[in-house]
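Those letters in the sequence shown? Residues -21 to -1, 1 to 271, by mature numbering (1 follows the signal peptide of the UniProt record, and there is no 0). Here is the structure we will look at.
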Amino acid sequence: MHFPRSALVLSVLVLSSLASATRYPLTVTDDLGRSVTLPKEPRRIVAMLPSHTETLVAIGAGDKLVAVDRFSNYPKNVVDRLPKVGSGFSPNIEAIVALKPDLVLANESTDSRLTEKLAAAGLTVYGGTAQTYNEVFEKIGVLGRLTNREAGATRLITSMRTDLNVLQRSVQKRPKVSTYYEVDPSPYSVGPNSFIGVLLQKAGGQTIIPARLGDFPKVDPELIVKADPQVMVGLNLDDARKRPGWGGLQAVKALKVYKPTDEERDALSRPGPRLAVALRTLIRMLHPEALK
């Protein structure tokens, strides 16, 4: 029997979508070691982190969002129409409960106790975010399973890895540039095993922060002076010049101090779908000649 090609393609698509469909009830373990069970596919989701919001939209689950945290600002056409329900450290529990979500995506921070507070209010909560580069892709996969969007998650991971590999190849043979990346002026920076630290390596750089200090440590400014980085990211040149002992650093003298735009900073600080935007931003600062 001969089947039309269009019918064959359609049947393959249907079978592949069935194969990747999530089966409920589903139980997963979150980053706090809690067992989280979803009896059925969630239809009403509250995302309490921008990376969760962006990931849900990118995997095709944006229509399930009923509210987001106050820092979620991308994609604008989605988040602008959604209510904001506070943040990890200042959640509006009453507003979240009133929305009757069947899943809340929170962080795993024991400092904010967000997951604990939401669970105590009787909500189903998954507490977890990516801290390392590889965890970004793992978490996209988890969100795909939770929301029955595994095929969308697989497509996103594949396209992200393709874009990242192309960008990485552009700087593969270039010398590593020692880099100080400032998360905030305290100063907090990034270790080599954090997702930003790995992005720096892929951009042809190397964080000056030793791994023993952790992924996002508060550092002694003297360490930065001694390391004498070739490039600084996360602050502007005037601020760098004002700090004690920084005026003579390589990066400052060579005017290689870069403050990302707000949009670039969001992409750099959120472990989610915009990793390629973040990598391109770092390459532009560390090896601008590679993008010409």
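Don't be surprised by glycine CBs; every beta carbon is placed ideally from N, CA and C. Only a predicted model underlies this, so the values are computations on that prediction, with no experimental measurement involved.
Shown here, D163 sits in a strand according to DSSP, grouped into three states. I175: member of the alpha helix (DSSP H) spanning F174 to K181, first to last residue. Here L146 really is in contact with L258; their C-beta atoms are around 5 Å apart, less than 8 Å.
Assignment of A40 by DSSP, reduced to helix, strand and coil, places it in the coil class.
If you draw a straight line from the Cα of T126 to the Cα of L254, it comes to about 22 Å.
Under the 10 Å beta carbon count, S173 is surrounded by 16 or more other beta carbons and is classified as buried. Taking N86 as the centre and dropping the five residues before and after it, the same chain places the C-beta of M27, L28, G67, L93, T94, G106, G107 and T108 closer than 8 Å to its C-beta, in chain order. Residues of the same chain with a CB within less than 7 Å of the CB of S51, apart from the 5 flanking positions on each side, are A26, P29, T32 and V58 in chain order.
Using a C-beta cut-off of 8 Å, the segment 74 to 84 makes no contact with the segment 204 to 219, since fewer than three inter-stretch Cβ pairs fall below that distance. For T16, DSSP records a beta bridge to T6. Counting of Cβ neighbours within 10 angstroms places G170 among the buried residues, the total reaching 16 or more. The Cβ atoms of A(-1) and E129 lie closer than 9 Å to each other. Put simply, the backbone Cα of E117 is about 26 Å away from that of D241. Taken atom to atom, the span from the alpha-carbon of T16 to that of K235 is near 49 Å.
Secondary structure note for G106: it is in no alpha helix (DSSP H), and the uninterrupted beta strand (DSSP E) holding it is V104 to G106. Collapsing the DSSP output to three states places Q209 in coil. Comparing C-alpha distances from V210 to each of R13, T8 and S157 shows the shortest one belongs to S157. Residue environment analysis places S168 among the buried positions, since at least 16 neighbouring C-beta atoms fall within 10 angstroms of its C-beta. The beta carbons of G184 and K155 sit about 6 Å from each other, so the pair counts as a contact at 8 Å. A straight line joining the alpha-carbon of I72 with that of L78 spans about 10 Å. With respect to the C-alpha of G123, the residue from S248, A40, D142 and P62 having the closest C-alpha is A40.
Secondary structure at T1: coil, using DSSP grouped into helix, strand and coil. Rounded to whole angstroms, the gap between the alpha carbons of T103 and S14 is 10 Å. According to the DSSP assignment, T186 belongs to the beta strand (DSSP E) that extends over G184 to T186. The Cβ neighbour count for L270, taken over all protein chains shown within 10 Å, is under 16; the residue is labelled exposed. A buried status is given to E243, since no fewer than 16 other beta-carbon atoms sit within 10 Å of its beta-carbon. Each residue's CA atom was taken as its position, placing G176 and K19 some 38 Å apart.
Within its own chain, no residue has a Cβ closer than 6 Å to the Cβ of T89 once the five positions on either side in sequence are excluded.
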